[in-house]
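S.K.: Residue numbers (our numbering), protein chains in the order written: chain A, 0 to 192; chain B, 0 to 192; chain C, 0 to 192; chain D, 0 to 192.
Even glycine gets a Cβ: it sits at the ideal position worked out from N, Cα and C.
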DNA sequence: CATGAATGAGTGTTCATTCAT
DNA sequence: CATGAATGAACACTCATTCAT
């Protein structure tokens, strides 16, 4: 007899932690606060996670995976360049806009000296997939011959930075402006002919 | 009995705090550590500053001012566009590269929800001065008509992000590549004709 | 569906607890550890025992009984004095040497203020039986007229202390040396003539 | 201007810890309890000691030193054998009787698997001094040729064990009986002629 | 001005025990 | 009988801040 799916405590812990960190940062997010927001006891948290850090790492990897998937939404592989790159840019921007907590969390995690491990952007699977999109374009001379980091910073990095400014209410880029900036970013890293 | 004139304690505290935060982050930088590195007593710190946060805010503003000055080095006002913008970009990049601790500090401060105050980039004096450089160019149609934040992110934001990657050893952009990227950034925000 | 008859869970719990306490002490032996080593669930332990302390008390009494039996092995009652006393001394020494976990457990239990109850050595049955061996010898003037505790400490107490040192690898008394020390202990409590 | 010697907090912490451990054991002695009994704050304890373990180790070494000094009281070096050995035995017995908390503390410390370091009795200075008393006697054939641990257990070990029983109220050995047992212990480790 | 001993609320974490399944 | 997820009080320890000297 299948009862209603009981509220998953592990998920509740992750959700509570995400929300709290987005609003208060790693150190402002105490275990006591997670306990209160997740509606579980302190002991229960340690039943599911080894430590506070383990929650954060777990959260990071699941958000990173989700983000990677979102970047490839709308099937950019079937579009010709530069449409595929613009699609990825828009996907990135939209992901951040529609997942503000995840966006703030990622920003903090990747900037934090609190976390010894520097999780090189290059090594994760999402980036690996992106490279299968970008590498051929560089070989074909469509994209300029510059370090990958430069391409990254000037496209997805810009998308993320602008999205965060939009989340913070500093700007309000509408759809056409987003497309325009995406195109500009593409042109910036394209090979001049 | 006159001992050797002590180096300014206030400055010693700020220096120690800067170095510690660059290496350990805000929360890894305890008052006890500042005491040890600055060579002053705990009580003395509270003589010069109201709180730990006050040291950090003070540090932020003095670094921000120093950065603003560095951006305008080489007198960009006397150069024609786009040379003046490229000069500013290179100044920004060089500042970060040659002041890694200040760079890491700024990054942390501006990303940190730990600090309630969102110090709007727009309000500080350095940015105000930059606007006197950029505004006429927008009016003249040299720069594209986009929100100022977009211009900022796509130029100085990119310079900062790349410089930090270089500090971290992820990339090694030489002088010509720096100039090339600076030019690309300029073109990205320039008015297409 | 009848599975293979499980080995007695109660016994598994006691065994696991004994091994763990010998190696880690009372407080290093957590219920979670007992659960893991005994291969039973937490709930099951509380089915067989009222509390962690109850396991320990139970263990103590069963080991004490086993020790008492071991002391009387080789039928010292049928030997003349002082052979019977030497036999008991050797039995004690051998018990500790061949039951190092039980020996360490006893030592901890009897030294521990963690256990409120001071389990007077005098009240247990094993000691009662020994008295039937010792009392007549005192009356006959074979053993010196000293408090029973003195006899105990100078014979079995010494045997236990030396055995524990041997377990710890601090000494290595061979059979003849054991007999020699046993004889010396006997002579120490014997009536001088 | 010299004021009354302020109550030394470091000493207060050590005293409180000693009393608590004697009565409740290592684990029953929580930092909260030490705080309460010593009349200092939690932070203050960590100002003087690195950790709870550090307090305990410190206590152990200072008690061990005190005990060593007490053993040599009454100048046993100027007495002929066996009077010097009997003097040491009586010193040991009296130390334990008159320092019951110290005695209980030592017993627990030296039996505890809680403390990784097995501080071999042999290595400390007190024992070293004792050896200067015992070694010549063994060479002269006054003491039997047995491992040092055997001599130790059969003399000072017996004194300690009996003293603890007396502290616990199990026995009440008067001065003549103490002397008699001391003599018996000496004879037990003496070379038979 | 300067010191550093002292504070105590707050931190992340543990663990014997319970109870719905 | 058996399970193991859940509990929450207790634990050792930290650290920004104060204040008597």
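Roughly how many whole angstroms lie between the Cα atoms of residue 141/A and residue 187/A?
M.R.: Spanning the two alpha carbons is a distance of roughly 12 Å.
S.K.: Can a CB atom of chain D be found closer than 7 Å to the CB of residue 112/C?
M.R.: Output row for residue 112/C: interface = yes.
S.K.: Distance cutoff 7 Å, beta carbons only. Does residue 140/D sit that close to anything in chain C?
M.R.: Cβ-Cβ to chain C under 7 Å: no for residue 140/D.
S.K.: Using a threshold of 7 Å, state whether the C-beta atoms of residue 148/B and residue 170/A are closer than that.
M.R.: Yes. Within cutoff.
S.K.: Should residue 45/B go down as buried or exposed, given a rule of 16 or more other Cβ atoms within 10 Å for buried?
M.R.: Answer is exposed; the Cβ neighbour count stays below 16.
S.K.: Starting from residue 49/D, find everything on chain C with Cβ-Cβ shorter than 7 Å and list it in chain order.
M.R.: The premise fails here: residue 49/D is roughly 20 Å from chain C at the closest Cβ pair, so nothing lies under 7 Å.
S.K.: Mark residue 121/B as exposed unless 16 or more other C-beta atoms lie within 10 angstroms of its C-beta, in which case mark it buried.
M.R.: Note that residue 121/B scores a pLDDT of 47, beneath 50, so its modelled location is shaky; the value from the coordinates is reported in the next line. By the 10 Å Cβ count, residue 121/B comes out exposed.
S.K.: Classify residue 130/B: buried if its beta carbon has 16 or more other beta carbons within 10 angstroms, exposed otherwise.
M.R.: Exposed: under 16 other Cβ atoms inside 10 Å.
S.K.: Would you check whether the ligand NAD has a heavy atom nearer than 6 Å to the C-beta of residue 12/B?
M.R.: What this structure holds is no ligand at all, so the ligand NAD is not there to describe.
S.K.: Would you report the Cα separation of residue 30/C and residue 174/C, rounded to the nearest angstrom?
M.R.: Roughly 40 Å between the two C-alpha positions.
S.K.: Please confirm whether residue 81/C and residue 185/C have their CB atoms less than 7 Å apart.
M.R.: Taking 7 Å as the Cβ cut-off, residue 81/C and residue 185/C qualify as a contacting pair.
S.K.: Using beta carbons (cut-off 7 Å, strictly below), is residue 148/B in contact with chain A?
M.R.: Answer yes: the Cβ-Cβ gap between residue 148/B and chain A drops below 7 Å somewhere.
S.K.: With 8 Å as the C-beta to C-beta threshold (strictly closer), list the residues of the segment 150 to 172 of chain C near chain D in chain order.
M.R.: Those would be 152, 153, 156, 157, 160, 161, 164, 167, 169, 170, 172, in chain order.
S.K.: Can you list the residues of chain B that residue 106/A reaches, using a CB-CB cut of under 8 Å?
M.R.: 110, listed in chain order.
S.K.: Does any residue of chain C bring its CB to less than 7 Å from the CB of residue 133/D?
M.R.: With 7 Å as the cut-off, residue 133/D does not count as an interface residue toward chain C.
S.K.: Can you find a C-beta in chain A that's less than 7 Å from the C-beta of residue 127/B?
M.R.: No, its Cβ sits nowhere closer than 7 Å to a Cβ of chain A.
S.K.: If contact means a Cβ-Cβ distance below 9 Å, which residues of the segment 7 to 36 of chain C contact chain D?
M.R.: Answer in chain order: 20, 21, 22, 23, 24, 25, 26, 27.
S.K.: Quick one: what's got a C-beta closer than 7 Å to residue 112/B's C-beta in the same chain, skipping five residues either side?
M.R.: Cβ within range, chain order: n/a, list empty.
S.K.: Listed in chain order, which residues of the segment 171 to 185 of chain A have Cβ atoms closer than 8 Å to some Cβ of chain B?
M.R.: Hits within the stretch, in order: 172, 176, 179, 180, 183, 184.
S.K.: For residue 177/C, which residues of its own chain have a beta-carbon under 8 Å away from its beta-carbon, when the five flanking residues on both sides are left out?
M.R.: Around residue 177/C: 89, 92.
S.K.: Quick one: residues in its chain with C-beta nearer than 6 Å to the C-beta of residue 87/B, no 5 flanking neighbours on either side, listed in chain order?
M.R.: Closer than 6 Å at Cβ, skipping near neighbours: 70, 75.
S.K.: Assuming residue 100/C and residue 17/C form a contact by the criterion Cβ under 8 Å, report the distance between their Cβ atoms to the nearest whole angstrom.
M.R.: Rounded, the Cβ-Cβ distance is 5 Å, consistent with contact.
S.K.: Per DSSP, what kind of secondary structure is residue 142/C in: helix, strand or coil?
M.R.: In the structure shown, residue 142/C sits in a strand (DSSP, three-state: E or B).
S.K.: Using a C-beta cutoff of 7 Å, does residue 80/B count as contacting chain A?
M.R.: No, its Cβ sits nowhere closer than 7 Å to a Cβ of chain A.
S.K.: Using only alpha-carbon positions, find the residue among 108/B, 106/B, 189/B, 109/B that is nearest to residue 195/B.
M.R.: Nothing about residue 195/B can be read from this structure; chain B reaches only from 0 to 192.
S.K.: Between which two residues does the alpha helix (DSSP H) harbouring residue 109/B extend?
M.R.: Start and end: 99 to 110.
S.K.: For a contact meaning CB atoms closer than 8 Å, what does residue 187/D contact in chain C?
M.R.: Those within 8 Å of residue 187/D in chain C are 153, 183, 184, 186, 187.
S.K.: When DSSP builds the beta bridges, which residues end up paired with residue 189/C?
M.R.: Partner(s): 142/C.
S.K.: Quick one: grab the DSSP three-state call for residue 47/B.
M.R.: Looking at residue 47/B - three-state DSSP - the assignment turns out to be helix.
S.K.: For residue 163/B, count neighbouring Cβ atoms within 10 angstroms of its own Cβ and tell me buried if that reaches 16, exposed if not.
M.R.: So residue 163/B counts as buried.
S.K.: Only counting the same chain, and skipping five residues up and downstream in sequence, which positions put a Cβ closer than 7 Å to that of residue 103/D?
M.R.: 21, listed in sequence order.
S.K.: Buried or exposed for residue 98/D, going by 16 or more other Cβ atoms inside 10 Å?
M.R.: It counts as buried.
S.K.: Where residue 159/B and residue 24/D are concerned, what is the direct C-alpha to C-alpha distance, given to the nearest angstrom?
M.R.: Near 59 Å, if we compare the C-alpha coordinates of residue 24/D and residue 159/B.
S.K.: I need the DSSP call for residue 40/A, collapsed to helix, strand or coil.
M.R.: If DSSP states are grouped into helix, strand and coil, residue 40/A belongs with coil.
S.K.: Is residue 58/B closer than 7 Å to residue 132/B when the C-beta atoms are compared?
M.R.: For residue 132/B and residue 58/B, no; Cβs fall outside 7 Å.
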